[in-house]
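Asks: Numbering (the UniProt record's numbering), first residue to last: 1 to 332.
After the structure tokens below, expect a handful of questions from me.
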């Protein structure tokens with residue numbers, strides 16, 4: 001094809017696209033297809049995360065983020081990035097989660113002049129973490145980065161970077177979304193416990209206790225765990241009961257890492273009451289639960305290894321050869 005013919009061909013492409021839209025799939029139908037693809041990616045990611053197929057969930061959330069970037073939709077970008085970071089955190093990759101959080105901040109900051117809910121934007125997900133109404137703006141919205149702050153605080157807490165974790169937890173507590181703000185208060189309480197800061201721990205407990213009923217199982221589990229931590233040194237028997245309650249609530253909500261952590265708190269309380277054998281059994285239970293996390297390469301979670309070492313019991317961390325089982329390569 002000669003250069004002139006090539007240019008003429010290229011010049012007709014917009015016209016051909018327009019004619020195609022008139023005679024076949026319209027622009028509205030194309031947008032609807034993209035909306036459906038985004039919603040399906042977010043739903044598939046959520047389903048994969050629920051059954052610990054982390055690489056599948058990551059792939060779906062990355063696809064959702066791609067579609068959101070393509071549409072230049074700040075709210076959808078923020079939601080997909082948040083869910084991706086949560087998935088990476090659940091997969092035991094806090095460093096990757098922090099990278100995702102920072103990329104999300106950079107991407108959203110470039111769009112700071114836009115309203116979060118843009119005309120022609122992608123569908124809002126039921127668990128949207130970024131769209132919050134801004135008073136006095138006639139319904140326009142501004143991005144709420146509290147979800148990103150929450151993930152950052154949790155990741156930094158896992159990495160032992162408590163000062164930075166506390167900073168982001170405090171920011172998360174200022175979120176306009178109450179669930180995020182309350183979880184921020186919970187993480188702030190965990191950090192305070194590690195630091196031996198009883199004043200801040202008490203403040204977190206008071207924040208959660210002040211929530212009017214009905215309280216969710218997640219919140220009740222958070223509150224019971226913080227109360228157990230606060231009671232360890234003064235009333236270990238009561239702390240043991242509180243931690244056991246938190247374990248049950250974590251099991252009910254499917255937050256197994258938090259369940260293992262609550263088991264470790266119960267073990268500390270049992271040790272303080274002179275129940276050494278009980279403490280060892282509880283630590284081993286926590287270790288085996290963490291060791292049974294799906295979606296990995298069979299490598300034991302470092303926290304699971306630590307719990308099993310502290311338990312000092314001659315039981316396997318991963319019985320039934322579960323280390324050879326991985327659901328991560330299959331689709332949900």
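Here a beta-carbon is modelled for each residue, glycine too, at the ideal position from N, C-alpha and C.
Please read all numbers here as calculations on a predicted model, not as lab measurements.
So, for residue 157: in the same chain, excluding its five sequence neighbours on each side, which residues have a beta-carbon less than 7 angstroms away from its beta-carbon?
Replies: To locate residue 157, count along the chain shown from 1; it is residue 157. Within the same chain, residue 157 has close Cβ partners 165, 187, 190 and 191.
Asks: Can you tell which of 313, 292, 314 and 287 has the C-alpha that lies nearest to the C-alpha of residue 305?
Replies: Here residue 305 is taken as the residue at index 305 of the chain shown, counted from 1. Nearest option by C-alpha distance: 287.
Asks: Which whole-angstrom value is the C-beta distance of residue 258 and residue 250, which I expect to be below 8 angstroms?
Replies: The count along the chain shown starts at 1 and reaches residue 258 at position 258. The count along the chain shown starts at 1 and reaches residue 250 at position 250. The pair is a contact, with the Cβ atoms about 5 angstroms apart (cut-off 8 angstroms).
Asks: Could you check if residue 227 is buried or exposed, using at least 16 other CB atoms within 10 Å of its CB as the buried criterion?
Replies: In the chain shown, residue 227 corresponds to position 227, counting from 1. Residue 227 should be labelled buried.
Asks: Give a yes or no on whether the C-beta atoms belonging to residue 283 and residue 311 are separated by under 8 angstroms.
Replies: For this step, residue 283 is matched to residue 283 along the chain shown. For this step, residue 311 is matched to residue 311 along the chain shown. Yes, Cβ-Cβ distance for residue 283 and residue 311 is below 8 angstroms.
Asks: Suppose the cutoff is 6 angstroms on Cβ atoms and the five residues either side in sequence are ignored; what does the same chain contact list for residue 267 look like?
Replies: Looking up residue 267 in the chain shown gives position 267. 279, 282 and 283, listed in sequence order.
Asks: Hey, how far is the Cα of residue 223 from the Cα of residue 208?
Replies: In the chain shown, residue 223 corresponds to position 223, counting from 1. In the chain shown, residue 208 corresponds to position 208, counting from 1. C-alpha separation (whole angstroms): 6 angstroms.
Asks: Using a Cβ-Cβ cutoff of less than 8 angstroms, which residues in the same chain neighbour residue 150 once the five nearest sequence positions on both sides are dropped?
Replies: Locating residue 150 in the chain shown gives position 150, where the first residue counts as 1. The residues are 168, 169, 172, 175, 180, 183, 184 and 187.
Asks: How should residue 102 be labelled, buried or exposed, when 16 other C-beta atoms within 10 angstroms of its C-beta is the threshold for buried?
Replies: Within the chain shown, the letter at position 102 stands for residue 102. The residue in question, residue 102, is exposed, as its Cβ has fewer than 16 Cβ neighbours within 10 Å.
Asks: Look at residue 155 and residue 84 and say whether their C-beta atoms are less than 8 angstroms apart.
Replies: Indexing the chain shown from 1 puts residue 155 at position 155. Indexing the chain shown from 1 puts residue 84 at position 84. No, the Cβ-Cβ distance between residue 155 and residue 84 is not below 8 angstroms.
Asks: Residue 65 and residue 333 - do their beta-carbons sit closer together than 8 angstroms?
Replies: Any answer about residue 333 is impossible in this case: the structure gives the chain only from 1 up to 332.
Asks: With a floor of 4 residues, list each alpha helix (DSSP H) that falls wholly inside the segment 187-228, ordered by position along the chain.
Replies: The qualifying runs are 198-209.
Asks: Can you list, in chain order, the residues of its chain whose CB lies under 6 angstroms from that of residue 252, leaving out five sequence neighbours each side?
Replies: As a working mapping, residue 252 is identified with position 252 in the chain shown. Cβ within range, chain order: 217.
Asks: Looking at the structure shown, is residue 315 part of a helix, part of a strand, or coil, going by DSSP?
Replies: Start at 1 with the first residue of the chain shown, and residue 315 comes out as number 315. Residue 315: coil per DSSP, three-state reduction.
Asks: In the segment 44-76, which residue ranges form an unbroken alpha helix (DSSP H) of at least 4 residues, counting only runs that do not cross its ends?
Replies: Entirely contained in the segment 44-76, the alpha helix (DSSP H) runs reaching 4 residues are, in chain order, 54-71.
Asks: Buried or exposed: residue 29, going by 16 or more other Cβ atoms within 10 Å of its Cβ?
Replies: To locate residue 29, count along the chain shown from 1; it is residue 29. Label assigned to residue 29: exposed.
Asks: DSSP three-state label for residue 293, please.
Replies: Position 293 of the chain shown holds residue 293. Coil at residue 293, not helix or strand.
Asks: Short of 7 angstroms in beta carbon distance, which residues of its chain neighbour residue 94, apart from the five on each side in sequence? Order them along the chain.
Replies: As a working mapping, residue 94 is identified with position 94 in the chain shown. These residues qualify, in order along the chain: 155, 158 and 159.
Asks: Would residue 45 pass as a contact of residue 60 if the rule is Cβ separation under 8 angstroms?
Replies: The residue you call residue 45 lines up with position 45 of the chain shown. The residue you call residue 60 lines up with position 60 of the chain shown. Going by C-beta atoms, residue 45 is nearer than 8 angstroms to residue 60.
Asks: Is residue 301 a contact residue of the ligand NAD, with contact defined as CB to any heavy atom under 7 angstroms?
Replies: Within the structure as shown, the ligand NAD is missing, as the structure has no ligands at all.
Asks: Might you give, ordered along the chain, the residues of its own chain that have their beta carbon closer than 8 angstroms to the beta carbon of residue 205, omitting 5 neighbours on each side?
Replies: Here residue 205 refers to the residue found at position 205 of the chain shown. Here the set comprises 189, 223, 226, 227 and 230.
Asks: Output needed for residue 202: all residues of its chain with C-beta closer than 8 angstroms, excluding positions within five of it in sequence on either side, in chain order.
Replies: The sequence position of residue 202 within the chain shown is 202, counting from 1. Hits under 8 angstroms: 230.
Asks: Note the first and the last residue of the continuous alpha helix (DSSP H) segment covering residue 146.
Replies: Here the question's residue 146 lines up with position 146 in the chain shown. 146-158 is the span of the alpha helix (DSSP H), which, as asked, contains residue 146.
Asks: At what residues does the alpha helix (DSSP H) containing residue 111 begin and finish?
Replies: Against the chain shown, residue 111 aligns to sequence position 111. No alpha helix (DSSP H) holds residue 111; DSSP gives it neither H nor E.
Asks: Would a C-beta distance cut-off of 8 angstroms place residue 54 and residue 87 closer than the cut-off?
Replies: Walking along the chain shown from the start, residue 54 turns up at place 54. Walking along the chain shown from the start, residue 87 turns up at place 87. Against a cut-off of 8 angstroms, the Cβ pair of residue 87 and residue 54 comes out as a contact.
Asks: Taking the CB atoms as reference points, tell me whether residue 57 and residue 49 lie closer together than 8 angstroms.
Replies: As a first step, residue 57 must be located in the chain shown, where it is residue number 57. As a first step, residue 49 must be located in the chain shown, where it is residue number 49. Yes.
Asks: Taking the alpha-carbon positions, what's the residue 214 to residue 178 distance?
Replies: As a first step, residue 214 must be located in the chain shown, where it is residue number 214. As a first step, residue 178 must be located in the chain shown, where it is residue number 178. C-alpha separation (whole angstroms): 14 angstroms.
Asks: Just the C-alpha distance for residue 152 and residue 41, rounded to the nearest angstrom, thanks.
Replies: Position 152 of the chain shown, counted from the first residue, corresponds to residue 152. Position 41 of the chain shown, counted from the first residue, corresponds to residue 41. Distance between the alpha carbons of residue 152 and residue 41: 24 angstroms.
Asks: Just the C-alpha distance for residue 272 and residue 236, rounded to the nearest angstrom, thanks.
Replies: For the purposes of this step, residue 272 is taken as residue 272 along the chain shown, with counting starting at 1. For the purposes of this step, residue 236 is taken as residue 236 along the chain shown, with counting starting at 1. Distance between the alpha carbons of residue 272 and residue 236: 6 angstroms.
Asks: Leaving out the 5 sequence neighbours to the left and right, which residues in its chain are closer than 6 angstroms to residue 285 when beta-carbon positions are compared?
Replies: Translated into positions along the chain shown, residue 285 becomes position 285. Excluding positions up to five away in sequence, the list reads 263.
Asks: Could you spell out where the alpha helix (DSSP H) holding residue 252 opens and where it closes?
Replies: Walking along the chain shown from the start, residue 252 turns up at place 252. Its alpha helix (DSSP H) spans residues 236-253.
Asks: Report the option in 247, 232, 210 and 301 whose CA atom is closest to the CA atom of residue 194.
Replies: Within the chain shown, the letter at position 194 stands for residue 194. It is 232 whose Cα lies nearest to the Cα of residue 194.
Asks: Return the chain-ordered list of same chain residues with a C-beta closer than 6 angstroms to the C-beta of residue 291, the five sequence neighbours on each side being excluded.
Replies: Here residue 291 corresponds to residue number 291 of the chain shown, with the count starting at 1. Here the set comprises 300, 304, 317 and 318.
Asks: Output the boundary residues of the alpha helix (DSSP H) element that contains residue 266.
Replies: Reading the chain shown from its first residue, position 266 is the one you call residue 266. Here the alpha helix (DSSP H) through residue 266 covers 256-272.
Asks: Does residue 343 come out as helix, strand or coil in the three-state DSSP assignment?
Replies: The question about residue 343 has no answer here: the residues shown for the chain are numbered 1 through 332.
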